[in-house]
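Okay, so the sequence shown: first residue is 1 according to UniProt numbering, each after it adds one.
Remarks on the structure that follows.
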Amino acid sequence: MQSVKLYNTIRLTQSGIRAFSVSSQNYENHKCKLLIVGGGAGGCAEAAKFTSKLGKNQVIVLEPNEKHYYQPLFTLIGGGMKKLEQSWRPMGSVLPSLAKWIKDAAAEFDPKNNTVITQNGDKIEYEYMIVAVGLVLHYEAIPGVLEALEEPNGPVCSNFSPKYVNRTFPAFKNFKEGNAIFTFPNSGIKCPGAPQKVMYIFDDYARKTKKRKNARPIYCTTLPNIFGVKHYADALWKVCEKRDLEVKLRTNLVRVDPHKRQAFFENMDDPNKKLTLDYELLHVTPPQSAPDCVRNCKELVNENGFVNVDKLTLQHVKFPNIFSIGDCSSTPNSKTAASIGTQSGILYKNLSAVMEGKAPVANYSGYASCPLVTSYWSCIMAEFDYNLKPYESFPIEGDRELLIYMMMKREFFPFLYWHFLLNGLWNGPGFFRKLMLQLGLKKA
């Protein structure tokens with residue numbers, strides 16, 4: 001009987017401790033002129049610009065991660081050309097010192113009341129807000145993929161996550177013969193060229209290591225063409241034809257069996273048409289979406305779950321004090337770091353005008369750039385606008401495979417990113433394009 005009383009006493013004590021710990025938790029309230037949700041490329045660039053304009057502690061950056069990654073480097077890491085440690089820096093070192101960094105994530109948006117609730121329960125009140133939360137990777141959406149990615153030294157890899165990117169080059173090395181499959185999912189993704197870049201790098205690696213004659217590289221994409229811009233798609237088709245690379249359009253990866261090493265696909269136009277392929281190497285690009293905290297706020301997003309902004313001004317269509325930049329916004333351009341550079345200048349001009357009680361003053365052309373790596377020493381420089389027409393910045397046409405473009409991808413663009421874009425000093429290559437036109441080195 002005494003043991004029962006003692007047990008009940010312990011239970012009551014434990015319950016009291018739990019209740020006390022919950023009720024006594026300190027939730028903080030924050031207020032700011034400008035709240036930037038997300039510390040990726042767009043968030044850092046805007047934080048640098050607006051802290052210079054508004055001063056100390058007028059800008060709050062809400063970002064949970066301790067590391068900031070230069071994600072375009074992942075393609076090169078997967079190919080063994082760079083190291084993972086070269087792709088990141090401490091978050092605190094890339095955020096401006098005049099900004100207030102709250103190391104937490106958004107849990108709930110309330111745009112009607114100009115507030116955001118964080119995952120820790122804090123409340124942030126803002127006058128203006130920039131949503132720059134990027135995209136979330138959904139490996140779990142394809143059954144079997146996560147299990148395959150956890151297999152030590154396994155043949156399934158992915159360049160899209162810092163957790164898995166170091167699996168790619170060992171998979172290249174371990175490849176002996178058979179199918180090498182590279183997938184593009186049934187969703188919008190960051191850097192739409194990346195899923196095929198890894199195929200070109202693998203093909204080049206296989207040729208250099210005398211494995212190519214026993215390899216069958218296959219690119220399985222859900223898209224109706226190899227690339228969204230015809231000018232560059234034509235060039236990529238020529239690369240595939242010249243190097244005997246197989247492309248299956250409108251083909252969606254739906255399941256992986258890591259034990260049998262089989263990948264299962266369905267046809268996007270006829271779901272009854274199935275395809276099963278054995279693999280010796282499988283590079284998976286996961287489906288992607290905006291984070292739940294964004295998608296769950298129906299007032300904030302469009303029907304596809306992206307922050308609903310005017311594609312020209314980057315201003316929210318319903319809430320004029322809200323803007324969005326980068327991958328999570330609804331702008332119908334390719335989601336690349338290069339597009340963020342141009343967007344950052346447009347957004348700064350327009351939000352500054354709104355802060356002064358004026359209408360937005362600048363329009364975004366939809367400029368995006370995708371350096372399409374085609375080998376260890378060549379690259380196609382795709383640059384285009386909303387109309388999916390070439391919008392090139394350099395004297396040499398971008399649809400050519402050139403060493404100079406690859407060197408820019410490997411060395412110059414990372415330098416530009418760390419030292420200029422993140423510091424708010426890079427607004428895209430527009431000035432360079434104008435200079436080339438004035439010098440007669442490019443045609444209008």
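Glycine is no exception: its CB is placed at the ideal position from the N, C-alpha and C atoms.
Checking 8 Å against the spacing of the C-beta atoms, do residue i and residue j come in under that value?
| i | j | result |
| --- | --- | --- |
| proline 287 | lysine 311 | no |
| valine 307 | glutamine 315 | no |
| alanine 382 | valine 229 | yes |
| proline 371 | cysteine 379 | yes |
| serine 87 | isoleucine 77 | yes |
| glycine 144 | valine 256 | yes |
| proline 224 | leucine 245 | no |
| leucine 54 | tyrosine 126 | no |
| threonine 118 | alanine 132 | no |
| tryptophan 426 | leucine 435 | no |
| isoleucine 124 | histidine 30 | yes |
| valine 279 | isoleucine 181 | One detail in the question is off: residue 279 reads as tyrosine in this sequence, not valine. Taking 8 Å as the Cβ cut-off, tyrosine 279 and isoleucine 181 qualify as a contacting pair. |
| leucine 422 | alanine 48 | yes |
| phenylalanine 319 | proline 111 | yes |
| threonine 222 | asparagine 252 | yes |
| tyrosine 109 | cysteine 328 | Checking the sequence, you will find phenylalanine at residue 109 rather than tyrosine. For phenylalanine 109 and cysteine 328, no; Cβs fall outside 8 Å. |
| serine 52 | glycine 424 | yes |
What does the alpha-carbon distance come out to for the pair residue i and residue j?
| i | j | result |
| --- | --- | --- |
| valine 317 | cysteine 220 | 36 Å |
| glycine 134 | proline 291 | 8 Å |
| arginine 98 | tyrosine 232 | The displayed chain sequence assigns leucine, not arginine, to residue 98. Spanning the two alpha carbons is a distance of roughly 42 Å. |
| arginine 261 | aspartate 122 | 46 Å |
| arginine 410 | lysine 100 | 33 Å |
| glycine 440 | phenylalanine 431 | 14 Å |
| alanine 19 | asparagine 120 | With a pLDDT of only 36 at alanine 19, under 50, the local geometry of the prediction cannot be trusted, and the value read off the model is given with reservation. Near 17 Å, if we compare the C-alpha coordinates of asparagine 120 and alanine 19. |
| glutamate 401 | isoleucine 189 | 24 Å |
| glycine 154 | alanine 45 | 38 Å |
| phenylalanine 227 | serine 187 | 15 Å |
| valine 236 | asparagine 350 | For the sequence presented, residue 236 should be read as leucine rather than valine. In a straight line, the C-alpha of leucine 236 is about 37 Å away from that of asparagine 350. |
| asparagine 387 | serine 330 | 16 Å |
| proline 162 | glycine 79 | 14 Å |
| serine 352 | cysteine 297 | 25 Å |
| asparagine 113 | lysine 242 | 58 Å |
| phenylalanine 384 | glycine 398 | 10 Å |
| glutamine 71 | asparagine 166 | 13 Å |
| glycine 428 | alanine 338 | 7 Å |
| glutamate 66 | glutamate 85 | 14 Å |
| glycine 43 | lysine 82 | 25 Å |
| arginine 212 | aspartate 203 | 7 Å |
| glutamate 303 | tyrosine 405 | 37 Å |
| phenylalanine 264 | valine 116 | 41 Å |
| asparagine 267 | valine 254 | 10 Å |
| residue 476 | glutamate 177 | Residue coverage of the chain in this structure runs from 1 to 444, which leaves residue 476 outside it and unanswerable. |
Classify residue i as helix, strand or coil using the three-state DSSP reduction.
| i | result |
| --- | --- |
| residue 524 | This structure cannot speak to residue 524, because the chain is shown only from 1 to 444. |
| proline 111 | helix |
| glutamate 397 | coil |
| cysteine 220 | strand |
| proline 72 | helix |
| serine 24 | Low confidence applies to serine 24: its pLDDT is 36, below 50, so where it sits in the model is not reliable, and the reading given next is rough at best. In the structure shown, serine 24 sits in coil (DSSP, three-state: anything other than H, G, I, E or B). |
| tyrosine 126 | strand |
| valine 361 | coil |
| valine 229 | coil |
| phenylalanine 175 | coil |
| residue 452 | This structure gives no information on residue 452, because the portion of the chain shown stretches from 1 to 444. |
| threonine 374 | strand |
Buried or exposed for residue i, going by 16 or more other Cβ atoms inside 10 Å?
| i | result |
| --- | --- |
| proline 258 | buried |
| lysine 335 | buried |
| phenylalanine 74 | buried |
| tyrosine 128 | buried |
| glutamine 438 | exposed |
| proline 185 | buried |
| leucine 277 | buried |
| valine 361 | exposed |
| lysine 443 | exposed |
| histidine 68 | buried |
| aspartate 234 | exposed |
| serine 393 | buried |
| aspartate 269 | exposed |
| leucine 403 | exposed |
| tyrosine 205 | buried |
| residue 508 | A question about residue 508 goes unanswered here, because the residues of the chain that appear run from 1 up to 444. |
| tyrosine 27 | exposed |
Closer than 7 Å to a non-hydrogen atom of the ligand ZN - does that hold for the CB of residue i?
| i | result |
| --- | --- |
| asparagine 304 | Among the components of this structure there are no ligands whatsoever, and the ligand ZN is therefore not found. |
Pairing CB atoms from the region 90-103 with CB atoms from the region 167-175, are three or more of them under 8 Å? Short answer: they don't touch.
Determine, using beta-carbon pairs with one atom in the region 358-372 and one in the region 330-347, whether at least three such pairs fall under 8 Å. The region 358-372 is in contact with the region 330-347.
When you compare the region 353-363 with the region 60-78, are there three or more beta-carbon pairs, one atom per stretch, that lie closer than 8 Å? no
Under 8 Å, with one C-beta from each stretch per pair, do the region 188-200 and the region 273-288 reach the 3-pair mark? yes
Do the region 26-41 and the region 144-163 touch if we need at least three Cβ pairs shorter than 8 Å? no
Within the chosen definition, does the region 207-216 reach the region 188-195 through at least 3 CB pairs nearer than 8 Å? Taking one beta carbon from each stretch, the region 207-216 and the region 188-195 have fewer than 3 pairs nearer than 8 Å; the two do not touch.
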